[in-house]
Structures are given as structure tokens and as C-alpha cells.
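Report on the structure given below.
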Amino acid sequence: AQKVTQAQTEISVVEKEDVTLDCVYETRDTTYYLFWYKQPPSGELVFLIRRNSFDEQNEISGRYSWNFQKSTSSFNFTITASQVVDSAVYFCALPISYSGAGSYQLTFGKGTKLSVIP
Amino acid sequence: DGGITQSPKYLFRKEGQNVTLSCEQNLNHDAMYWYRQDPGQGLRLIYYSQIVNDFQKGDIAEGYSVSREKKESFPLTVTSAQKNPTAFYLCASSSLFGHMKNTEAFFGQGTRLTVV
Chain E
1144 AQKVTQAQTE ISVVEKEDVT LDCVYETRDT TYYLFWYKQP PSGELVFLIR RNSFDEQNEI
1204 SGRYSWNFQK STSSFNFTIT ASQVVDSAVY FCALPISYSG AGSYQLTFGK GTKLSVIP
Chain Z
35 DGGITQSPKY LFRKEGQNVT LSCEQNLNHD AMYWYRQDPG QGLRLIYYSQ IVNDFQKGDI
95 AEGYSVSREK KESFPLTVTS AQKNPTAFYL CASSSLFGHM KNTEAFFGQG TRLTVV
């Protein structure tokens, strides 16, 4: 099976705390990419990061960091010093091929709703 | 500004009626997608299209239909055959560079459909 699992349905933290959102994936592709998206209350999904399977270095962007570990099939997302504006639903996604003809479409985890309390 | 426009933002439908959700993009993207979002279910793919006049079923295509007559437009019709159409619908597009495997999708702001 090819799928993404986000086991944490909802997380609440107090502002300035660090928080890690988990993502575990299954794929039969030897090369693949993983994505994270943010869905604020407005509804639109916003792209955060893309990571390819060749690169297991951690990625840091401001208060955001990502830890990719192929050995555990995980691509976790950490927010440092959380802020109220970080409150949103976060999705991890994996491109899979529906037609087998070389085109890929995103399959999403069920998302983690993060609430940052002031 | 480049982006994806979905309309309307809110839509109410009586049981037994067909309704059409609009999705327009000016990003010059080849591929377009429709997703359905239910609470606690994440996003599920309904249909996708990689080129004009061609489209493919996703995971939950039953009760839905699409057309792709223009590159910029990918309307979704929710038919009366869809048993439980109340949901949030998101349209997305992407370039076909890398066939979406390594290319992010851009999303519209969604249409919330309610059956009354």
C-alpha cells in the first residue's frame, strides 16, 4: 500500500512551546518526494516544504524544521516557539501514481489540527 | 495576481439537484485536481486532468463529473447520484514538470457545499 499516516488528530500547546507533528509514510517507489501543507481557517492549503528521498538532511526554515528518516519512514515537522498564527491543520502528503503512466497525484494524511493557546 | 479561483465559496443544494463548482487558474498549469475534504478524513482525490479534454478518476469519483474544455478551467458537477455531497471541495493545479512527483500543488480557497 502507498499511504500517509498522521496519528495525531489534534494537538494543543501553549504559545512559545515547541511542537512536533508526526508523519509516517508507506511507498513502493524507490525514489519519492514528501510534502507538508498548512491549512489555516480560511481553507486554502499552503505549501510548506518538499523533500526528496535522496536527501535525509534536516531542513530548517525560520521556526520550522523537518526531520526526514528513511529508516523509520518518517517525515516529522517541528515548530519551535509556537505562535497563535501557527494554529491550523497540517497535512503530510505523498505523490502516488494512479495510472502507472508516470504521472503522480498527491495522497494526503488525515491531518493534524494544531491549536496554539495564547 | 496568479492563482486559483473557486466559486462560489458557499453553496446550498436541495436533494436531487445537480450543482456545478467552478475552478479557474491563471498559472498556466497543465494539471488540475479536485479534492473532497470531510472532517477527520483528510483530502481525497475525486478527479484529475493532465491535459485539455482528458481526465481521470481518483479515489471517490462516483456521483461526480468533470470537464476540461479549456486549460484554465476544470468545473466539477456534483450529481444527484452522490449520496452524501455535503463537504468542503478544494481545487488544485500544478505544472507537469516531473509529473507532479516533485512539484507542489497550488490550491484554491475551497467551496463549502451543503445539502438542505
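The listed protein sequences correspond, in order, to chains E and Z. For the first sequence, the working numbering begins at 1144 and goes up steadily by one. For the second sequence, the working numbering begins at 35 and goes up steadily by one. C-beta: ideal position from N, C-alpha, C; glycine also. From a predicted model like this one, the values you see are computed outputs, not experimental measurements.
- By the Cβ neighbour-count rule, ALA1224 of chain E is exposed, with fewer than 16 other Cβ atoms within 10 Å of its own.
- Annotation for ALA121 of chain Z: the continuous beta strand (DSSP E) segment containing it runs 121-128.
- Taking 9 Å as the cut-off, the beta carbon of ILE1239 of chain E is found closer than this to the beta carbon of ASP1172 of chain E.
- No Cβ of chain E is located within less than 9 Å of the beta carbon of GLN59 of chain Z.
- Secondary structure remark: continuous beta strand (DSSP E) runs of at least 3 residues inside the segment 1178-1246 of chain E, in chain order: 1189-1195, 1202-1204, 1207-1212, 1217-1222 and 1231-1239.
- A direct Cα-Cα distance of roughly 6 Å separates GLY74 of chain Z from LYS1253 of chain E.
- Taking a Cβ-Cβ threshold of 9 Å, the residues of chain Z close to THR1152 of chain E are GLY74, in chain order.
- Judged by DSSP secondary structure, VAL1259 of chain E falls within the beta strand (DSSP E) whose first and last residues are 1255-1260.
- Around the CB of VAL1162 of chain E, 16 or more other CB atoms lie within 10 Å, so the residue is classed as buried.
- In the DSSP assignment, LYS1146 of chain E falls within the unbroken beta strand (DSSP E) covering 1146-1148.
- The closest CA to that of SER127 of chain Z, considering only E:ALA1231, E:GLN1248, E:ASP1229 and E:VAL1232, is found on E:GLN1248.
- Rounded to the nearest whole angstrom, the C-alpha separation of VAL53 of chain Z and GLN1226 of chain E is 40 Å.
- LEU1257 of chain E sits close to LEU1164 of chain E, with the two beta carbons spaced by under 9 Å.
- Taking 7 Å as the cut-off between beta carbons, the residues of the segment 1226-1249 of chain E near chain Z are PHE1234, PRO1238, TYR1241, SER1242, GLY1245, SER1246, TYR1247, GLN1248 and LEU1249, in sequence order.
- In terms of CA proximity to ASN62 of chain Z, Z:LYS104 leads the group Z:LYS117, Z:LYS104, Z:THR148 and Z:PHE122.
- With a threshold of 16 other beta carbon atoms within 10 Å, ARG102 of chain Z meets it and is buried.
- A direct Cα-Cα distance of roughly 12 Å separates GLU58 of chain Z from GLY144 of chain Z.
- For ALA115 of chain Z, the closest of Z:SER107, Z:GLY97 and Z:PRO109 by C-alpha to C-alpha distance is Z:GLY97.
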